[in-house]
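Under our numbering, the sequence shown has 503 at position 494, and the numbering climbs by one with no breaks.
Virtual Cβ for every residue (Gly too), placed ideally from N, Cα, C.
Everything on this sheet refers to the single structure shown next.
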Amino acid sequence: MSNPDFGETTVITPVHKPGLTAIQVAQAMLDGFNRHYALFRYSAQRAKSLYESGDWQGIQQLSRERIEYYATRVRECAAMLSHTLRLHQPDPASPAHLDDVQQQLWLQAKAEFVRLLSGHRQPECAETFFNSVSCRVLHRHYFRNEFIFVRPAVATDYLDGALPSYRVYYPTEEGLEASLTQMLADFGLAAPFADLPRDVRTLARMALRQLCRRLPRGYGSRIGSDCQIQVLNSLFFRNKGAYVVGRLINQGEVLPFSIAILHRPSGHLHIDALLHTTDDLSTLFSFTRAYFLVDMEAPSAYVDFLSSLLPRKPKAELYTAIGLQKQGKTLFYRDFLHHLSHSHDHFDLAPGIAGMVMTVFTLPSYPYVFKLIRDRIQKQGMDHATVRSKYQLVKKHDRVGRMADTWDYAQVALPKARFSQALLEELRREVPSLLEESEDTILLRHVYIERRMTPLNLYLNKASDPALNAAVEQYGKAIRELAAADIFPGDMLFKNFGVTRLGRVVFYDYDEIQHMREMNFRVIPTAPNEEAEMASEPWYPIGPNDVFPEEFGYFLLTDPRIRKAFMAHHAELLEPEWWTQCRMRVTQGRIENIFPYNKDRQLHEFAKRAPVSSLQPGVFHD
C-alpha cells in the first residue's frame with residue numbers, strides 16, 4: 010500500500026554509471042531542496058516589502074507564483090540527475106528490475122542524505138523533496154519503500170532556528186501596553202502606524218476584557234507567576250492583511266490569539282482586530298483560504314507552535330496553510346495510512362446527489378472525501394484537462410474563505426477489501442481509465458482529496474427555520490465574496506456547496522467556474538408575443554458567457570422557506586445590475602476587503618460597545 014511520492018507520477022529507470030557516488034546523488038538532492046527553500050523564504054521577505062507599500066496585486070501574484078516553486082525545483086533536480094546517471098525510458102512491455110548495484114546506489118544515497126541533514130533546519134521538508142525527486146527518477150514498477158522516506162528519518166521535536174522561533178514578553182513586569190508596543194515594534198514594519206498608542210490602548214482593553222472573562226473570579230487569582238505573551242517571530246501575510254500569531258500563557262492555560270494589522274487609504278497602518286478564540290484561529294488558518302506568506306527558518310517549530318493553538322487541526326493542514334503544501338500532502342498521506350491500519354470501516358459513495366463530472370467517495374471514519382473525474386463527462390465541452398485546469402485555477406486563486414482547497418495525488422494504492430461493492434461497481438463503470446485493480450489492491454491513477462462537509466442541500470432539508478435562514482444568508486455571502494474575488498461559480502445549485510463545522514458555506518464544485526470579467530450579465534428581453542414566451546426555445550440570442558441572473562430564482566428558490574430567507578438577505582443577486590457593477594470593480598483591478606473575522610473582533614467595534622469608563626482597572630500595571 011505504498012505511494013512513493015504521494016502524488017508524483019514516475020517514469021524512468023536509473024542505469025548505473027561507473028564512478029558515480031551516492032554522496033553526489035544525495036548532495037544534488039539537498040542542493041535542489043536548499044535552492045527551493047531559499048526562494049520560498051525570499052518570497053515571504055518580498056511579501057513584507059509589498060505589504061508595507063500596499064501592493065496588493067503584487068502580493069497575490071507572488072502567492073500564485075510561489076505555488077509552482079516546488080514542482081519546478083523537483084523537475085530541475087530530476088532532470089540533472091537523469092542526465093548525470095544516463096537514465097532512459099523503460100520498455101513498458103518488459104519491466105525489468107533494478108540490479109543489485111543500482112539498488113545499492115539508491116539505498117546509499119538515501120543514507121548519505123540522512124547524514125547530510127544533521128543540523129539542517131528543514132529536514133522534514135528536505136526528506137519530502139528527496140521523495141519527489143526519487144519518484145521522478147524511479148519508475149513505479151521498480152519502486153521499493155526502502156528507496157524513499159516512508160516515515161521521517163530525522164526528528165524535528167524541539168528543532169528551532171538559529172534564533173528562537175518566538176519572542177516572549179512579560180506584561181506583569183513591563184506593563185501590558187508597553188509589552189504590546191514593543192511586540193509590534195519588534196516586527197520592524199517600515200510603514201508607520203496612524204496612531205499606535207491609541208490602537209495599543211484599545212487592544213489592551215479588549216484583551217483584558219477577554220482575559221477577565223476566562224479566568225477564575227477573585228482579583229488575586231487572575232494572574233499567575235507564569236504569565237507571559239509568546240509571539241511567533243514572523244508576521245503572516247495574506248492579501249491585504251498582516252497577522253501577529255501568538256499565545257498568552259497564564260496559570261498553565263494557553264489562550265491563542267492573533268492581531269490583524271491593516272492599511273488605511275493614507276498608507277498608514279492600524280490594528281484592526283483581535284482574534285481571541287480557537288475558532289477564530291481556525292477560521293484564520295482555514296483550508297478555504299489562500300496560503301500564508303511567512304518567513305520561517307525552522308517550519309516545524311512554527312507548526313508545533315500553531316498546533317498548541319489549534320489542537321484539532323492536523324499538522325498536514327497547518328503545513329499547507331503556511332505554504333508548504335507538498336509537506337502537507339506527505340503528512341496527510343502518512344496520517345491516512347495510519348488511520349487505515351487502525352480502522353475497519355469501508356470506503357463508500359459519498360451521500361448527496363451524484364455529480365455529472367466527479368465520482369465522489371468517502372471513508373466514514375475519516376473527515377475527507379475522494380474525488381475522481383469521470384471518464385464520460387456529460388457536459389458539453391468538458392474533458393479531463395479542462396477539469397484539472399479549473400482545480401488548478403482554484404489552487405492559485407484567492408479563495409476568500411469560500412472555496413475548499415484540494416490535494417491531488419497520483420498512483421494511490423488502497424486495500425481492495427476496504428471498498429464496498431457498490432463503490433467498486435461505480436468506479437469500474439465511471440472511472441475505468443483511473444483504476445488499476447489487482448487481487449488485493451485498488452490503484453487510483455489520479456484523485457483529489459478535500460475536507461468533508463455537509464452538502465448544503467442536505468443541510469437545508471433538515472434545518473430548522475433559524476438554521477435555514479442562517480445557512481441561506483451564508484450561501485448568498487459566499488456568492489458575493491466569490492464574485493468580488495473574480496470567480497463566477499457557474500453552477501450555483503445547493504448541492505455544490507457545503508457547510509463547515511463552524512457553519513460557513515463553502516463552494517466545492519469547480520468544473521464550471523469562470524472569471525467574473527469574462528461574463529456578460531443580461532436582462533431577459535420582453536417577449537414579442539405570447540407564442541414566443543411559451544416556446545421551448547428562447548426568443549433571444551444567447552452568447553456562450555451570457556448569464557441571466559433573474560433565472561436563478563427558477564431553479565434555486567422553489568422551496569418557499571428558502572425563497573423567503575434568500576429574498577430577505579440577497580434579493581439583489583437576482584438582478585443583473587448587481588453583477589454588472591461587481592464585474593466592473595473586478596475589471597478595474599479592485600481587491601475587496603474580505604477578512605477572516607467578523608466585525609465584533611474589530612477594535613473600533615469594541616470601542617463602541619465598551620467605553621473606557623465601563624471597564625474596571627486593568628489587571629496589569631499600565
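| Could you check where the beta strand (DSSP E) with Thr368 kicks off and where it finishes? | Met367 to Thr371 is the span of the beta strand (DSSP E), which, as asked, contains Thr368.
| request: Could you pull out every residue in the same chain whose Cβ sits closer than 7 Å to the Cβ of Pro101, ignoring the five residues on either side in sequence? | output: Caution applies to Pro101, whose pLDDT of 41 falls short of 50 and renders its modelled position unreliable; the value that the coordinates give is listed next. None.
| request: Give every residue of the same chain whose Cβ lies closer than 6 Å to the Cβ of Leu257, excluding the five residues on either side of it in the sequence, and list them in chain order. | output: Closer than 6 Å at Cβ, skipping near neighbours: Ile238 and Leu264.
| Candidates Gly184, Val34 and Ala363: which alpha carbon is nearest Ser91's? | Among Gly184, Val34 and Ala363, the Cα nearest to that of Ser91 is on Val34.
| Does the beta-carbon distance from Arg570 to Leu477 come in below 8 Å? | Against a cut-off of 8 Å, the Cβ pair of Leu477 and Arg570 comes out as a contact.
| field | Reduced DSSP secondary structure (H/G/I, E/B, other) of Ile270 | value | Ile270 carries a strand assignment under DSSP once its states are collapsed to helix, strand and coil.
| task | Determine the DSSP secondary structure at Leu264, reduced to helix, strand or coil. | result | Residue state, collapsed to three classes: strand.
| task | Please determine, among Asp414, Pro424 and Thr368, the residue with the shortest C-alpha to C-alpha distance to Leu436. | result | Looking at the Cα atoms, Thr368 is the closest of the given residues.
| query | His106 by DSSP, collapsed to three states: which one? | reply | Residue confidence for His106 is low, a pLDDT of 46 falling below 50, so the modelled location carries little weight; the figure read from the coordinates is stated next. In this structure, His106 counts as coil in the three-state DSSP scheme.
| request: Identify, in the order they occur along the chain, each residue of the same chain with its Cβ nearer than 8 Å to the Cβ of Leu511, setting aside the five sequence neighbours on each side. | output: Setting aside the 5 residues that flank it on each side, Leu511 is surrounded in the same chain by Asp288, Ser291 and Thr292, each with a C-beta closer than 8 Å to its C-beta; the list follows chain order.
| query | Should Arg618 be labelled buried (16 or more other beta-carbon atoms within 10 Å of its own) or exposed? | reply | Burial call: exposed.
| said: Considering just the uninterrupted stretch of the beta strand (DSSP E) at Ile362, what are its terminal residues? | reply: In this chain, Ile362 is not harboured by any beta strand (DSSP E), its DSSP state being neither H nor E.
| Nearest candidate by alpha-carbon position, reference Cys7, set Ala325, Ala494 and Trp588 | Because the chain spans 10 through 631 in this model, residue 7 falls outside it and cannot be assessed.
| said: What does the Cβ neighbour count give for Asn538, buried or exposed, with the cut at 16 atoms within 10 Å? | reply: Residue environment: Asn538 is assigned as exposed (fewer than 16 neighbouring CB atoms within 10 Å of its CB, all protein chains considered).
| query | Residues in its own chain within less than 6 Å of Phe615 by CB, not counting five upstream and five downstream? | reply | By the criterion of a C-beta distance shorter than 6 Å, Phe615 is surrounded in its chain by Met215, once the five residues flanking it on both sides are discounted.
| task | With Trp548 as the anchor, note down where its beta strand (DSSP E) starts and where it stops. | result | That residue, Trp548, is in no beta strand (DSSP E); it is neither H nor E in DSSP.
| query | beta strand (DSSP E) containing Leu423: first to last residue? | reply | Unbroken beta strand (DSSP E) run through Leu423: Trp416 to Pro424.
| task | Using the Cα positions of Leu327 and Glu459, report the straight-line distance between them to the nearest angstrom. | result | Their Cα atoms are separated by approximately 14 Å.
| request: Specify, as a first and last residue, the run of the alpha helix (DSSP H) that Asn470 falls within. | output: Run containing Asn470: Leu465 to Lys471, per the alpha helix (DSSP H) assignment.
| query | So Val456 is in the beta strand (DSSP E); what residue range does that whole segment cover? | reply | Element bounds for Val456: Thr450 to Arg460.
| query | On the three-state DSSP scale, how would you describe Glu446? | reply | Secondary structure at Glu446: strand, using DSSP grouped into helix, strand and coil.
| field | Supposed contact pair Tyr606 and Ala282 - C-beta distance, whole angstroms, cut 8 Å | value | Yes, Ala282 and Tyr606 are in contact; Cβ-Cβ is about 5 Å, under 8 Å.
| query | From what residue to what residue does the beta strand (DSSP E) around Gly507 run? | reply | Counting along the chain, the beta strand (DSSP E) containing Gly507 begins and ends at Phe506 to Val508.
| query | Are at least three pairs of beta-carbons, each pair with one atom in the segment 301–319 and one in the segment 51–59, less than 8 Å apart? | reply | They touch, by the three-pair rule.
| task | Could you check if Leu278 is buried or exposed, using at least 16 other CB atoms within 10 Å of its CB as the buried criterion? | result | Counting C-beta atoms within 10 angstroms of its own C-beta, Leu278 has 16 or more neighbours from the protein chains shown and is therefore classed as buried.
| said: If you measure between the beta carbons of His578 and Gly485, is that distance less than 8 Å? | reply: For the pair His578 and Gly485, the CB atoms are nearer than the 8 Å cut-off.
| CA-CA distance, Lys608 and Pro180? | Pairing Lys608 with Pro180, the inter-Cα distance amounts to about 27 Å.
| field | Identity of the residues DSSP links to Asp555 by a beta bridge | value | Answer is Asn529.
| query | Which residues bound the beta strand (DSSP E) around Lys388? | reply | Where Lys388 is concerned, there is no enclosing beta strand (DSSP E), given that its DSSP letter is neither H nor E.
| field | Of the residues Val163, Ser174, Ser141 and Ile280, the one placed nearest Arg210, counting alpha carbons only | value | The shortest Cα separation from Arg210 among Val163, Ser174, Ser141 and Ile280 belongs to Ile280.
| task | Buried or exposed for Glu445, please, with buried defined as at least 16 other CB atoms from any protein chain shown within 10 angstroms of its CB. | result | Exposed.
| With which residues is Ile68 paired in a DSSP beta bridge? | DSSP, once it has assigned bridges, lists no residue as partnering Ile68.
| query | CB Trp588 to CB Phe530, shorter than 8 Å? | reply | Their beta carbons are under 8 Å apart, which means Trp588 touches Phe530 by this criterion.
| request: Compare the Cα-Cα distances from Arg1 to each of Arg82, Glu306 and Asn248 and report the closest residue. | output: Coverage of the chain is limited to positions 10 through 631, which leaves residue 1 absent and any answer about it impossible.
| Spatial neighbours of Ala536 in its chain, beta-carbon cut-off 7 Å, leaving aside the 5 residues before and after | If the five residues before and after Ala536 are omitted, its C-beta is found closer than 7 Å to the C-beta atoms of Glu542 and Trp548, all from its own chain and listed in chain order.
| query | DSSP beta-bridge partners for Asn259? | reply | DSSP output for Asn259 lists Glu262 as bridge partner(s).
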